[in-house]
Each structure stands twice: as C-alpha cells, then as structure tokens.
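Residue numbers (my numbering): 94 to 596. This report refers to the structure that appears directly beneath it.
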Amino acid sequence: MPFAISDLPLAARFLLSAAAGGLAVLAFAPFSIYPLAFLSLALFYELLTRSKTRDGFLVGWGFGLGLLGFGIYWIRISLSQYGNMEPWLADFMTFLLVAAMALYYGLAGALVSRLSGIAPRCGPLLVFPAVWVLTEWLRGWLFTGFPWLTIGYSQVDSPLAGLAPIIGVYGISLVVALCAGLLWAFVHRRGRPRYAALSGFVLIWLGSAFLARVQWTEPDGKDFPATVVQANIPQSLKWNPEERIPSLRAYLDLTREHWDSDLIVWPETAVPDFLHQVRKAFIEPLAQEARAHESELVVGIPVLDLQTRAYFNGMISLGTVEDVYRKRHLVPFGEFIPFKGWLGPIAHAFDVPMSDFSAGRSARPLLRVGKHQVGASICYEDVFPAEVREAPPEAAYLINISNDAWFGDSLAPHQHLEMARMRARENERWLLRSTNTGISAIIDQQGEPAGTVPLFERGSFTARVQPLRGATPFARLGNGLAIGAALLMLAVCLLLARRKRHG
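Structure, rendered in structure tokens:
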C-alpha cells in the first residue's frame with residue numbers, strides 16, 4: 094500500500110492539521126486567497142481518514158488551534174492595550190479562548206472520524222460537509238456565539254457568493270466543505286468517480302455564477318446620496334473627558350462638509366456621553382441643523398434608562414424623525430462580563446470602559462430614518478446572520494456602526510468588513526458602515542464596496558444608495574436551508590450505513 098498522510102503518527106498529523114488551519118486564514122480578508130479554503134479543508138479531511146474517534150478529536154482540535162490562533166490573535170490587543178490587563182495575562186486569556194473555541198473543531202474531527210468509519214463511502218461528500226457546517230453553526234450561537242472565521246466568509250469574492258441570498262454564509266460553508274470533499278475524491282479516486290468529482294466541482298461553480306445574476310429585490314423609490322464619516326479618534330483618547338469636545342468637533346466638521354447628503358452616519362459611541370446628558374446642549378441643536386439642511390443623521394451614543402439605571406449601547410436617528418435602537422447582542426467581556434459570579438478574581442482583571450451594558454429588547458433590529466425603516470446593527474451584531482435577516486423586508490437598507498479600534502492594526506477590521514459584505518449579499522441590501530478608526534464603507538446589494546475610508550485616516554465617503562424592497566430566500570428562511578441540508582445529508586449517510594450493515 095502506498096504511503097498516505099493519514100498513516101503519519103498522531104503528533105505529526107496534529108501539527109499538519111494546525112498548519113492546515115493556519116493556511117485557511119489566508120483565504121479570509123485581507124489576504125482573500127479564497128481557493129486556499131478548499132485546499133485547507135481537503136488536507137484536514139485527509140488527516141482524518143482512517144483515524145479513530147479520539148485521534149480525530151485531537152486532529153480537529155489542532156486545526157482549530159491553527160485557524161483561530163493565527164486568525165484571532167488580535168483579541169489580546171483589546172485585553173492588554175485597552176482593557177488594562179497585564180500582557181502575560183492577556184496572552185493567557187487569548188490562548189484560553191482559542192483553545193476553547195478550537196474544541197468545536199475537535200468535535201467535528203471526532204464526529205467525522207466516527208461516522209466515516211461507519212459509512213466510509215459517505216465520508217468526503219456527506220459526512221464531512223454536514224458535520225463541518227453543523228459545528229460551525231453551533232459555534233455561532235452556543236454561549237452567546239462566536240462565529241468569527243466561519244469558512245463561508247472566505248468566499249465573498251468568489252463565484253460561490255452567488256449562493257449567499259439563498260443559503261447564507263453557513264450554506265456557503267457547506268458548499269466549501271463539499272468542494273473540499275470533491276477535491277479529495279478527485280485526488281484519491283480513479284476512473285469514473287474521479288471524473289464525477291471533477292464534474293461536480295465545476296457544476297457547483299457554474300451554478301453559483303449563474304445564481305449570482307438573479308435579482309431577489311427591486312428598487313423602492315429613488316436613490317439618494319449618503320455619507321459615512323470616520324473621525325479616527327484613538328481608542329486611548331475616546332473616553333477621556335478632556336478630549337470629548339475636540340472629538341465632537343471633528344465629527345461636526347466632517348458632517349458640515351456633507352450637508353448636501355440626504356443621510357450622514359456616525360460611528361458607534363461617537364458621542365461618548367449618555368443621551369440625556371447631552372440632549373439639550375448637543376443633540377437637539379444637531380437635529381435642528383440637520384432639518385435645516387433637509388438631511389438625516391444616524392449617531393452612535395450610549396443611552397441610560399433613568400428609571401432602571403440600566404444603560405445601553407445605542408444608535409439614534411435625527412432629522413425629520415427621532416428614533417432609538419438599543420444594541421441587542423452584546424460582546425462578552427467587552428460590553429458585559431458573562432458568568433461574573435463564577436469567574437471571581439478573573440472578572441476584576443477586565444477594566445474596559447462602559448463594560449456593563451444591558452441588552453436591548455426590541456423584537457426586530459429596525460430603526461426609523463426619515464421615511465424609511467432601516468436594518469440596524471451595532472458593531473459585533475453584524476456577524477450574526479440570523480439576527481440581521483430579521484430586518485427585511487421592511488428595511489430598505491442596512492446600517493452598521495462600529496468601533497474596531499479595540500483591535501489596532503490587525504486582521505480584525507478587514508475580517509469584520511468581510512462579514513459586513515456578506516450581510517449585504519445575503520439580504521440584498523445596501524449597507525452603510527461607519528466606524529471610529531476604520532474600515533468605514535458603503536456596500537452595495539451585491540456585497541461590493543462602493544468605496545471605503547481606510548484604517549486610521551480621518552475622512553468620509555459618499556455614494557448614492559438605492560433603497561430596496563422584497564426579501565431574499567435567506568431573509569425569509571434564514572439558516573434553515575443550510576442546517577436542514579446538513580441534517581438530511583447525515584440522515585442519508587446513516588440510512589446507507591444501516592442498509593449495508595443489514596444487507
């Protein structure tokens with residue numbers, strides 16, 4: 094029998110799997126070498142073949158360590174530089190998070206090894222894609238969810254992005270894993286199965302390219318000029334009381350350059366004071382100025398409930414109408430401390446400004462901006478496809494305000510913009526994204542940036558935005574198609590295995 098990678102000792106397979114996980118990061122922004130996603134997953138599957146369940150878990154955990162260790166190392170920046178945590182502790186906490194999140198990939202490796210052993214022929218084309226997407230989906234909501242580096246995001250610039258309005262990012266993940274299985278089959282099979290694998294791969298790509306031409310929504314009135322502003326306030330100064338007036342002046346100067354726009358969007362917590370504290374002195378005059386120029390403003394500002402004393406990360410629209418959206422999905426350890434009673438002294442190591450927010454309770458993420466309802470999300474919320482899709486069909490377009498300054502000059506702002514682009518593509522809506530230090534952007538309904546404001550630059554970008562009506566299949570059905578397909582694949586696999594066992 095010829096030598097195979099799967100015959101290597103477990104330690105070697107663990108290290109190779111970690112390298113495969115690290116390789117997958119290059120498929121995401123800012124590198125965006127999307128074919129590497131298929132190669133990485135095909136290698137991962139090869140390392141799992143002929144593995145026992147325990148070995149499969151360790152190989153999978155290694156893949157997760159490589160992917161997340163390389164891909165989300167930037168978390169330590171927020172903990173150390175802005176959370177006032179000792180560098181060694183920030184490194185340790187980041188490692189703990191990476192190790193914990195990598196357990197999902199360990200679970201995937203164990204399940205693939207186990208189920209492929211029961212039904213070997215189903216392994217690359219049924220078991221692997223189904224298990225992969227189910228564990229990604231689980232990671233996206235369990236314990237508040239951490240869906241960063243879901244493999245489907247790596248395809249936002251590939252023909253597979255044409256599937257986003259139908260099956261969403263998890264459906265694309267399923268297809269990426271299926272393509273990896275087809276690639277593996279093309280290498281390992283001979284004769285007709287080999288050509289069938291190649292044909293399947295080509296048909297998937299051609300079908301995706303064709304579906305990209307389908308329009309699921311239609312214009313809702315005339316397009317209008319809109320501007321996103323980026324004042325580039327350093328995170329170290331953002332909450333400094335002495336810097337508040339200069340910060341607000343920077344936003345005002347950028348805004349007054351664009352009163353010819355129908356809509357101007359400021360970033361998350363652009364106003365670093367509670368709404369009630371600055372309403373008379375700042376918010377009401379600003380709203381009056383907007384009305385005088387027949388313009389609308391959307392501003393990020395904290396909101397305090399004076400009765401309950403709970404405070405919220407908020408977004409307020411000013412101009413012809415005033416409306417407030419309160420962030421519903423908070424960032425663990427950034428905006429609240431989960432399991433605070435259990436963590437004990439560790440919880441006190443986090444010293445992040447405004448880190449005890451409450452979650453908003455609105456049924457849907459909608460904000461009234463002028464004559465339109467808008468799909469609203471604040472920072473981290475736009476990485477949850479099931480939540481953003483709740484805005485259409487009422488939402489004519491989407492707004493995301495964010496502050497990625499927490500993560501410095503790292504991969505995080507690029508990865509976050511990539512996820513925002515996928516939200517625009519899934520829902521077929523324009524998305525206006527204003528951030529504190531970048532990357533701000535206006536994104537069209539195909540997920541393509543009309544333009545951006547680069548990292549760490551003070552500036553703005555203006556484009557004509559087209560309101561849209563209607564809903565994509567994904568906006569109507571959410572993750573149901575992708576998860577249903579994965580469960581069906583597993584059911585078929587188990588049925589075939591049972592027939593073989595009793596045949």
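Where is the CB? At the ideal position from N, CA and C, for every residue including glycine.
- When the five nearest sequence neighbours on each side are left out, the beta carbons in the same chain lying within less than 8 Å of the beta carbon of Phe294 are those of Cys272, Leu275, Leu276, Phe279, in order along the chain.
- In the three-state reduction of the DSSP assignment, Pro318 falls in the strand class, which pools E and B.
- Approximately 5 Å separates the beta-carbon atoms of Leu256 and Ser301; this is inside 8 Å, confirming the contact.
- When secondary structure is reduced to three states using DSSP, Glu550 falls in the coil class, being assigned neither helix nor strand.
- The criterion of a C-beta distance shorter than 8 Å is satisfied by Pro258 and Glu521.
- Contact between Thr187 and Asn325 does not hold, since the beta-carbon distance rounds to 26 Å and is not under 8 Å.
- In the DSSP assignment, Tyr127 is bridged to no other residue.
- Sixteen is the threshold: when 16 or more other Cβ atoms of the shown chains lie within 10 Å of the Cβ of His422, as they do, the residue is buried.
- Straight through space, the alpha carbons of Ile211 and Ser495 are spaced by roughly 47 Å.
- A contact is defined here as three or more CB-CB pairs under 8 Å, and the segment 188–197 fails this definition with respect to the segment 126–143.
- Under the three-state reduction of DSSP, Arg526 is assigned to strand.
- A Cβ-Cβ contact shorter than 8 Å links Ile244 with Ala130.
- In this structure, Gly412 keeps its C-beta atom at 8 Å or more from the C-beta atom of Ala374.
- With distances taken between CA atoms, Leu172 lies nearest to Phe500 out of Cys586, Tyr263, Phe500, Ala105.
- Under the 10 Å beta carbon count, Arg419 is surrounded by 16 or more other beta carbons and is classified as buried.
- The Cβ atoms of Val321 and Val546 sit closer than 8 Å to each other.
- Taking a cut-off of 8 Å for Cβ pairs, the segment 476–489 and the segment 213–232 do not touch, as fewer than three such pairs fall below it.
- Pairing Ala513 with Ile535 gives a Cβ-Cβ distance that is not under 8 Å.
- In the three-state scheme derived from DSSP, where H, G and I count as helix and E and B as strand, His465 is classed as strand.
- Of all alpha-carbon atoms in Gly573, Pro123, Pro286, the one lying nearest the alpha-carbon of Leu267 is that of Gly573.
- When Cβ pairs closer than 8 Å are counted between the two stretches, the segment 401–416 is seen to touch the segment 357–375, the count reaching three or more.
- The Cβ neighbour count for Phe221, taken over all protein chains shown within 10 Å, is at least 16; the residue is labelled buried.
- Per DSSP, Ile98 is not a residue of any beta strand (DSSP E), being assigned neither H nor E.
- Of all alpha-carbon atoms in Phe185, Leu356, Ala135, Trp230, the one lying nearest the alpha-carbon of Pro560 is that of Leu356.
- Of Gly149, Leu587, Leu109, Trp234, the smallest CA-CA separation from Leu136 is found for Leu109.
- If the five residues before and after Pro123 are omitted, its C-beta is found closer than 6 Å to the C-beta atoms of His507, all from its own chain and listed in chain order.
- For Asp148, the three-state secondary structure derived from DSSP is helix.
- As DSSP reads the structure, Val295 sits in no beta bridge.
- Apart from sequence neighbours up to five positions away, the residues of its chain that approach Met515 with a beta-carbon distance below 7 Å are Tyr246, Val249, Ala257, Val262, Gly540, ordered along the chain.
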